[in-house]
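Notes to accompany the following structure.
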Amino acid sequence: LSQPKYTAERINNTGTGRYPSWVYPANDWYKQLFKDATVNHRAGLSVRGGSKIIQYYASLGLDVNEGMLKTDRLNQFDVNINNKTTTLRMNLNIDMTPSSKLTINSNSSLDDYHGPLTSVQGAYGMAFNASPVNYAPVYPADLDSNWPHIHFGFENINSQNPYATIQQGYQETTRFSTTNKLEYIQNLGMFLKGLELRANLSYYKQSYEMLPFSVKPYKYRLLNYNQQTGEHSLELLDEGETVLKMDPNRKTVYGNTQLGGEFRIMYNGLWGDHNLTYTGLFNIQQQASSAATNLFSSIKHRNMGTSMRLSYGFKERYYLEGSFGYNGSERFAKSNRFGFFPAVGGAWIASKESFIKPSSKWLSYLKLRASYGKVGNDGIGTGDISVYGNTGRYLYLENITQNQKGNYNTVSYANPTIQWEIAEQANFGLEFALFKGLIDCTVDAYQEIRHNILSQRVVVPATMGLGLYPYSNIGKGRSRGIDFSGKVQHSFNNDCYFILNGTFTYSKAIYLQIEEGANKPSWQRRVGHDVSQQIGYIAEGLFQSQEEIDRSPKQSGNVMPGDIKYRDINGDGKISVDDATYIGYPTSPRFVYGFSAFVYWKRLEFSAAFQGSGQRSLFMNPVALGPFYGDHALLKEIWDNHWTPDNMQSKPFWPRLSTNAISTHNMEEGGYGQESPRYSTYFMRPVRFLRCQQIMLAYSLPQKWVSNMGMQRVKPYVSVDNPFIISSFKLWDVELGSSGFNYPIQRTFSIGLNVSF
Numbered sequence: 201l202s203q204p205k206y207t208a209e210r211i212n213n214t215g216t217g218r219y220p221s222w223v224y225p226a227n228d229w230y231k232q233l234f235k236d237a238t239v240n241h242r243a244g245l246s247v248r249g250g251s252k253i254i255q256y257y258a259s260l261g262l263d264v265n266e267g268m269l270k271t272d273r274l275n276q277f278d279v280n281i282n283n284k285t286t287t288l289r290m291n292l293n294i295d296m297t298p299s300s301k302l303t304i305n306s307n308s309s310l311d312d313y314h315g316p317l318t319s320v321q322g323a324y325g326m327a328f329n330a331s332p333v334n335y336a337p338v339y340p341a342d343l344d345s346n347w348p349h350i351h352f353g354f355e356n357i358n359s360q361n362p363y364a365t366i367q368q369g370y371q372e373t374t375r376f377s378t379t380n381k382l383e384y385i386q387n388l389g390m391f392l393k394g395l396e397l398r399a400n401l402s403y404y405k406q407s408y409e410m411l412p413f414s415v416k417p418y419k420y421r422l423l424n425y426n427q428q429t430g431e432h433s434l435e436l437l438d439e440g441e442t443v444l445k446m447d448p449n450r451k452t453v454y455g456n457t458q459l460g461g462e463f464r465i466m467y468n469g470l471w472g473d474h475n476l477t478y479t480g481l482f483n484i485q486q487q488a489s490s491a492a493t494n495l496f497s498s499i500k501h502r503n504m505g506t507s508m509r510l511s512y513g514f515k516e517r518y519y520l521e522g523s524f525g526y527n528g529s530e531r532f533a534k535s536n537r538f539g540f541f542p543a544v545g546g547a548w549i550a551s552k553e554s555f556i557k558p559s560s561k562w563l564s565y566l567k568l569r570a571s572y573g574k575v576g577n578d579g580i581g582t583g584d585i586s587v588y589g590n591t592g593r594y595l596y597l598e599n600i601t602q603n604q605k606g607n608y609n610t611v612s613y614a615n616p617t618i619q620w621e622i623a624e625q626a627n628f629g630l631e632f633a634l635f636k637g638l639i640d641c642t643v644d645a646y647q648e649i650r651h652n653i654l655s656q657r658v659v660v661p662a663t664m665g666l667g668l669y670p671y672s673n674i675g676k677g678r679s680r681g682i683d684f685s686g687k688v689q690h691s692f693n694n695d696c697y698f699i700l701n702g703t704f705t706y707s708k709a710i711y712l713q714i715e716e717g718a719n720k721p722s723w724q725r726r727v728g729h730d731v732s733q734q735i736g737y738i739a740e741g742l743f744q745s746q747e748e749i750d751r752s753p754k755q756s757g758n759v760m761p762g763d764i765k766y767r768d769i770n771g772d773g774k775i776s777v778d779d780a781t782y783i784g785y786p787t788s789p790r791f792v793y794g795f796s797a798f799v800y801w802k803r804l805e806f807s808a809a810f811q812g813s814g815q816r817s818l819f820m821n822p823v824a825l826g827p828f829y830g831d832h833a834l835l836k837e838i839w840d841n842h843w844t845p846d847n848m849q850s851k852p853f854w855p856r857l858s859t860n861a862i863s864t865h866n867m868e869e870g871g872y873g874q875e876s877p878r879y880s881t882y883f884m885r886p887v888r889f890l891r892c893q894q895i896m897l898a899y900s901l902p903q904k905w906v907s908n909m910g911m912q913r914v915k916p917y918v919s920v921d922n923p924f925i926i927s928s929f930k931l932w933d934v935e936l937g938s939s940g941f942n943y944p945i946q947r948t949f950s951i952g953l954n955v956s957f
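Counting from 201, one number per residue, gives the positions in the sequence shown under our numbering.
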């Protein structure tokens with residue numbers, strides 16, 4: 201029998217307080233790394249004014265957000281997050297003549313970020329998953345290492361010390377973006393009433409720079425501690441550094457610039473019972489990277505197109521509309537560069553018909569509409585899929601030590617036939633209002649069929665020796681759904697009214713056509729299944745005895761009683777990749793809903809907003825959650841509800857405990873992101889939740905008080921963001937992913953004051 205990892209002495213002394221905490225550590229990594237709360241600041245100032253000819257508006261905003269990491273002065277630098285965001289918005293309208301106008305709009309943002317070199321998400325995950333007892337965050341110096349540096353605690357050189365990870369450096373990040381638009385508007389009513397011309401130029405620029413500053417940590421292990429004298433000795437596992445350095449190889453710089461131009465001519469004419477509107481448009485756009493790293497990223501993305509829309513209305517109740525777009529993109533070969541995308545639609549305002557007017561007391565408005573059209577998509581990646589890819593290869597050696605003869609080998613073939621992806625959309629809508637606007641609702645049912653979806657070919661002979669399979673427009677998918685939005689509003693008097701809003705969306709997207717391997721089993725083929733539905737194994741509980749293992753289909757790994765038992769789908773007497781099938785709901789929710797409320801009563805305002813979703817599956821990551829191995833901590837839920845010979849449940853939260861990763865005895869749970877299926881129904885949970893996004897209470901001071909102070913309005917308010925969530929999954933917030941080891945969604949309390957002069 202192997203020796204136990206923890207002696208009775210260590211177990212009995214851990215957490216007792218009889219000895220220094222670093223001797224028998226019982227770390228609460230979360231409390232050591234994170235604060236319970238932080239204070240953020242937000243301020244804004246806006247001005248508007250002008251004359252009959254010139255009108256202007258400008259606003260300046262500043263957000264200062266502090267992170268949740270604790271500040272520790274053992275190092276000479278601070279790793280806590282400090283993010284300053286400055287925004288500047290300016291609008292200028294100039295009436296050049298009675299019929300012409302010039303508008304200038306500018307919106308800029310500057311982000312200055314200081315934070316840890318390691319992602320806060322990663323640190324949060326380590327804080328919950330690192331062993332609390334194997335080592336201390338830091339050790340005091342012993343006689344052999346008594347010189348200024350930090351003695352970070354480790355069990356071995358590969359251990360994960362969350363505290364050391366956070367303290368090994370920081371990054372300074374600057375992100376700047378600006379959007380600017382210059383537009384000229386000319387009313388041509390002197391030639392034809394309702395005719396207008398617009399032309400604009402737009403400029404967008406984004407830049408990003410990240411400078412990393414790091415110091416390699418010293419890693420120590422506690423060798424021994426003398427309980428009588430208090431003396432101790434450390435073992436240096438890995439020598440570190442004391443000088444902070446900036447590594448230019450880890451520096452990140454990128455940016456892009458977009459230039460655009462648009463010419464638009466519009467007409468809106470009304471004569472008698474007839475109404476005609478026309479819009480003609482020509483636009484051109486170019487996007488270029490200012491920090492290209494290879495040939496493909498240096499290529500400018502260019503789009504050019506023209507479109508037209510013609511609408512006709514009769515008696516303000518019957519409407520017809522036709523439109524088309526003819527767009528071109530440099531991402532395609534010349535023969536497929538341009539695409540034609542038409543659309544038609546119609547609407548009927550039935551509430552204006554004489555046979556419905558008797559119902560006007562309760563049916564205030566009724567509109568039916570339908571549309572059909574095609575939309576193109578040129579977002580197909582970087583553009584290298586339509587050219588040949590090569591890589592250097594040594595073909596032969598003239599001499600075993602020299603004269604290597606080099607050449608190039610084709611790893612991917614060009615496909616000049618790649619063309620626009622096309623979305624064919626049909627929509628049927630209903631709009632109605634009841635009881636003179638008390639209830640206002642919109643319902644839409646839609647179907648979208650996507651043609652020419654760009655996908656990699658998989659039926660390619662291996663003898664071609666390709667490193668990357670070519671892409672082609674071989675995919676087809678369908679999405680169907682319903683959108684609903686509604687409003688209930690009522691005013692009792694000028695001092696009391698309320699508004700209730702609600703939304704609901706249901707959508708299901710499936711594959712209609714996609715290339716798959718000829719040897720793939722029918723139950724694994726994607727056609728007919730949800731786009732984000734996962735393939736995995738069906739768990740049939742846990743093995744309760746060796747006899748049950750012996751008479752069951754053979755599974756890979758060191759299978760023992762308490763391990764997961766899987767269904768043999770193909771009946772060949774063994775569990776293999778061919779036994780995986782589609783399981784659960786898709787990982788994206790099929791329905792999303794939300795509702796909000798606003799109540800006003802005698803200058804007092806109350807508002808609340810909620811959002812939820814459902815019909816979604818969450819796949820917990822058992823490799824990340826698994827205890828004991830790799831310094832992993834033990835989740836309380838695992839300890840409270842796992843399989844043992846005395847607790848032989850068919851499906852406890854966790855199978856038998858082991859000091860190895862769960863994939864060693866249940867290889868079907870071997871991880872995520874691999875080609876072979878690594879999901880199972882054992883760790884699958886259907887999830888639905890409702891989150892309260894915000895609650896706010898505000899009060900507008902009486903106007904006579906405000907006027908005496910030289911102001912127009914003063915409104916103090918208090919609010920809380922993300923105050924609570926109601927969820928079918930209780931272990932962690934379902935929006936934090938498969939293990940919950942992510943930076944949490946913060947609950948934010950705000951106190952503010954809105955002042956208008």
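For every residue, glycine included, the Cβ atom is placed at its ideal position computed from N, Cα and C.
DSSP, reduced to helix, strand and coil, places residue 466 within a strand of the structure shown. Between the region 545 to 558 and the region 514 to 529, the count of C-beta pairs closer than 8 Å reaches three or more; the two stretches touch. At the C-beta level, residue 810 and residue 794 come within 8 Å of one another. DSSP places residue 451 in no alpha helix (DSSP H); its state is neither H nor E. Under the three-pair Cβ rule at 8 Å, the region 321 to 339 counts as touching the region 933 to 948.
In the DSSP assignment, the residues bridged to residue 801 are 696 and 804. Taking each of 879, 699 and 911 in turn and checking the Cα distance to residue 783, the smallest one comes out for 879.
By the criterion of at least three beta-carbon pairs nearer than 8 Å, the region 432 to 451 is in contact with the region 410 to 422. For residue 528 and residue 580, the gap between their C-alpha atoms comes out near 14 Å. In this structure, the straight-line span from the alpha carbon of residue 633 to that of residue 687 is close to 9 Å. Here residue 705 is near residue 791, since their CB atoms are less than 8 Å apart. With contacts defined as CB atoms closer than 8 Å, residue 882 and residue 897 fail to qualify as a contacting pair.
In terms of Cβ geometry, residue 404 and residue 379 form a close pair [threshold 8 Å]. Taking residue 270 as the centre and dropping the five residues before and after it, the same chain places the C-beta of 232, 233, 234, 235 and 280 closer than 8 Å to its C-beta, in chain order.
By the Cβ-count criterion, residue 747 is exposed, with fewer than 16 other Cβ atoms from all chains shown falling within 10 Å of its own Cβ. According to the DSSP assignment, residue 362 belongs to the alpha helix (DSSP H) that extends over 362 to 366. Ranked by Cα distance from residue 253, the options 300, 717 and 569 are led by 300. Residue 482 sits in a strand when the DSSP states are folded into three classes. Ranked by Cα distance from residue 393, the first of 735, 478 and 622 is 478.
With 16 or more other Cβ atoms inside 10 Å of its own Cβ, residue 320 counts as buried.
Residues of the same chain with a CB within less than 6 Å of the CB of residue 566, apart from the 5 flanking positions on each side, are 550, 551 and 632 in chain order.
For residue 229, the enclosing alpha helix (DSSP H) starts and ends at 229 to 233. Apart from sequence neighbours up to five positions away, the residues of its chain that approach residue 294 with a beta-carbon distance below 6 Å are 254 and 302, ordered along the chain. In the DSSP assignment, residue 236 falls outside any alpha helix (DSSP H) and carries neither an H nor an E. Close CB contacts of residue 473 within its chain, under the 7 Å cut and outside five residues either way in sequence, are with 514 and 515 (chain order). According to the DSSP assignment, residue 256 belongs to the beta strand (DSSP E) that extends over 254 to 266.
With contact defined as three or more Cβ pairs closer than 8 Å, the region 385 to 400 and the region 361 to 374 are not in contact. In this structure, the alpha-carbon of residue 500 lies about 30 Å from that of residue 291. Within the same chain, and ignoring the five residues on either side of residue 853 in sequence, the residues whose Cβ sits closer than 6 Å to its Cβ are 837 and 841. Residue 335 and residue 217 have their alpha carbons spaced roughly 16 Å apart. Per the C-alpha coordinates, the member of 346, 391 and 305 positioned closest to residue 382 is 305. Around the C-beta of residue 318, 16 or more other C-beta atoms lie within 10 Å, and the residue is accordingly described as buried. Shown here, residue 879 sits in coil according to DSSP, grouped into three states, outside any helix or strand. Straight-line measurement puts the Cα of residue 804 at about 22 Å from the Cα of residue 638.
Taking C-alpha positions only, residue 419 is separated from residue 742 by approximately 41 Å. As DSSP reads the structure, residue 691 sits in a beta bridge with 697.
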